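Undergrad: Quick one: this structure, given as structure tokens, is what I'll be asking you about.
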Amino acid sequence: MNLRPLSFEFFPTRTEESRRKLAITRKQLRQYNPAFFSCTYGAGGTTREGTLQTITDIMTEGLTAAPHLACVGASQEEMTEILQDYQNMGIRHIVALRGDIPSGVGSGSRGLRYANELVSLIKETFGNAFHIEVAAYPEFHPQARSAEDDINHFVRKCKAGADSAITQYFFNTDSYFRFVDDVQSRGVNIPIIPGIMPIASFSKLARFSETCGAEIPRWLRLKLQSYADDTASIKALGLDVVTEMCSRLLQNGAPSLHFYTLNQAGLVSTICQRLGY
Ligand code: FAD
């Protein structure tokens with residue numbers, strides 16, 4: 000099989016103990032020579048320090064880091080200041096997002112509202128200093144008014160200067176390939192990297208999928224549900240399904256794979272090994 004580059008996503012840790020565990024996770028995953036390790040950012044700046052710390056830890060180990068940056072509710076000055084710090088640290092790769100306003104926090108009238116505005120700000124202020132990654136939704140963003148509207152917004156975001164995109168996770172490869180065809184027919188030819196979610200727990204996956212708009216196919220949902228709290232069977236089925244999906248994606252031209260690790264190496268590592276990495 001044609002093995003393409005990998006990347007791994009983390010979220011910022013809150014305690015010294017979880018920070019130590021994440022260092023072990025990184026050690027396990029670096030054997031796959033990832034193109035980069037990314038770290039999420041809480042919209043509204045809620046994890047500004049934590050994201051910076053995780054990114055610094057990654058760089059201290061000589062690895063390539065890609066911080067996420069979410070612009071909603073933030074001013075242009077705040078975003079520019081963070082980006083300037085990242086540039087000074089030697090960071091060359093950013094995942095540029097809108098983010099979701101935490102509940103109870105008003106969106107306010109400050110600055111940036113959509114990811115395309117953040118992409119434009121990065122380009123105007125920093126030129127080509129950063130490789131800009133944006134988010135893509137093969138099954139469409141949950142707030143999209145229509146599929147067509149969502150694709151048009153995605154195309155605009157790419158044309159503002161995105162270099163590549165990472166998708167929300169999905170379990171149906173048709174949605175991914177259809178999305179790639181749709182945006183390519185509108186003149187967008189940047190790499191669109193499938194975001195891969197390993198399956199560790201049905202209840203968590205179902206809850207998260209509900210909010211982010213990712214569909215769990217009926218057959219998979221019913222099978223996972225039938226295992227109740229038998230986590231070994233859930234993980235075994237999840238490994239088969241996700242590995243097979245990755246294999247199909249790579250065989251049919253996906254440029255790379257990006258894993259949502261949830262800060263754990265186990266399942267991701269097994270999938271990579273089964274794929275031949
Ligand atoms: P946008 O591209 O701005 O789109 C948001 C919605 O607005 C869509 O419905 C779109 O159709 C619509 N829209 C877009 N542009 C316009 C416009 N100009 N006018 C009107 N409507 C418009 N969230 C975090 O908080 N932190 C993270 O670190 C993080 N990492 C992520 C990584 C990946 C790979 C993915 C796929 C998602 C991530 N998210 C993260 C979640 C993401 O922030 C949410 O899905 C958010 O709701 C949308 O962000 P976006 O950048 O895709 O937004």
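Residues in the sequence shown are numbered from 0 upward in steps of one, following numbering that gives the first Met the number 0. Virtual Cβ for every residue (Gly too), placed ideally from N, Cα, C. Keep in mind the model is a prediction, meaning the values are calculated, not measured.
#1: I'd like to confirm the pairing. Which residues does DSSP put opposite H92 in its beta bridges?
#2: Per DSSP, what kind of secondary structure is Q167 in: helix, strand or coil?
#3: Could you name each continuous beta strand (DSSP E) segment of 3 residues or more that falls completely within the region 190–223, going from the start of the chain to the end?
#4: So, is E123 buried or exposed, given that buried needs 16 or more other C-beta atoms within 10 angstroms?
#5: Is it true that the region 21–29 meets the region 76–85, where meeting means three or more beta-carbon pairs spaced less than 8 Å apart?
#6: Taking the alpha carbon of V154 as the reference point, which residue from V118, A64 and Y276 has its own alpha carbon closest?
#7: Rounded to the nearest angstrom, how far is the Cβ of I195 from that of C245, given a contact under 8 Å?
#8: Looking at the secondary structure, which residues open and close the alpha helix (DSSP H) in which Y40 lies?
#9: Taking a contact to mean a Cβ-Cβ separation below 7 Å, would you say F36 touches A69 in this structure?
#10: With three or more C-beta pairs closer than 8 Å as the rule, is the region 231–240 touching the region 150–168?
#11: Assess, as a yes-or-no matter, whether the region 197–207 is touched by the region 228–237 under the definition of 3 or more beta carbon pairs within less than 8 Å.
#12: I believe H92 touches H130 by the beta-carbon criterion, under 8 Å. Please report the beta-carbon distance rounded to the nearest angstrom.
#13: So that I know if they touch, is there some Cβ in chain B lying closer than 7 Å to that of T59?
#14: For R3, which of P193, R47, K222 and T55 has the nearest alpha-carbon?
#15: Return the chain-ordered list of same chain residues with a C-beta closer than 8 Å to the C-beta of N262, the five sequence neighbours on each side being excluded.
#16: Applying the 10 Å Cβ sphere with the 16-neighbour rule, what's the burial state of S145?
#17: Need the endpoints of the beta strand (DSSP E) that F7 sits in, please.
#18: List the whole-angstrom C-beta distance separating I189 from C157, where the pair is believed to meet the contact cut-off of C-beta under 8 Å.
#19: Terminal residues of the continuous alpha helix (DSSP H) containing A235?
#20: Just the C-alpha distance for A227 and A205, rounded to the nearest angstrom, thanks.
#21: Are there any heavy atoms of the ligand FAD lying less than 6 Å away from the beta-carbon of G152, as far as the coordinates show?
#22: So G72 and A95 are supposed to be a Cβ contact under 8 Å. How far apart are they, rounded?
TA: Looking at the atomic coordinates:
#1: H130
#2: Of the three classes helix, strand and coil, the one that applies to Q167 here is strand, per DSSP.
#3: 191–195
#4: exposed
#5: no
#6: Here the closest residue by C-alpha is V118.
#7: A Cβ-Cβ distance of about 6 Å is found for the pair I195 and C245, placing them in contact under the 8 Å criterion.
#8: Bounds of any alpha helix (DSSP H) do not take in Y40, whose DSSP letter is neither H nor E.
#9: no
#10: No, because fewer than three Cβ pairs between the region 150–168 and the region 231–240 fall closer than 8 Å, the two stretches do not touch.
#11: yes
#12: That belief holds up - the Cβ atoms of H92 and H130 are roughly 5 Å apart, short of 8 Å.
#13: Looking at the structure shown, chain B is missing, and only one protein chain is on hand.
#14: P193
#15: Within the same chain, Cβ atoms closer than 8 Å to the Cβ of N262 are found at F9, F10, T12, S17, K20, L21 and T24, the five residues on either side in sequence being excluded.
#16: With a 10 Å radius around the Cβ and a threshold of 16 neighbouring Cβ atoms, S145 comes out exposed.
#17: For F7, the enclosing beta strand (DSSP E) stretches over residues L5 to F9.
#18: 6 Å
#19: T230 to Q250
#20: 13 Å
#21: Reading off the sequence shown, one finds His at residue 152, where the question assumed Gly. At least one heavy atom of the ligand FAD is nearer than 6 Å to the Cβ of H152, so yes.
#22: Not confirmed; about 15 Å, so no contact.
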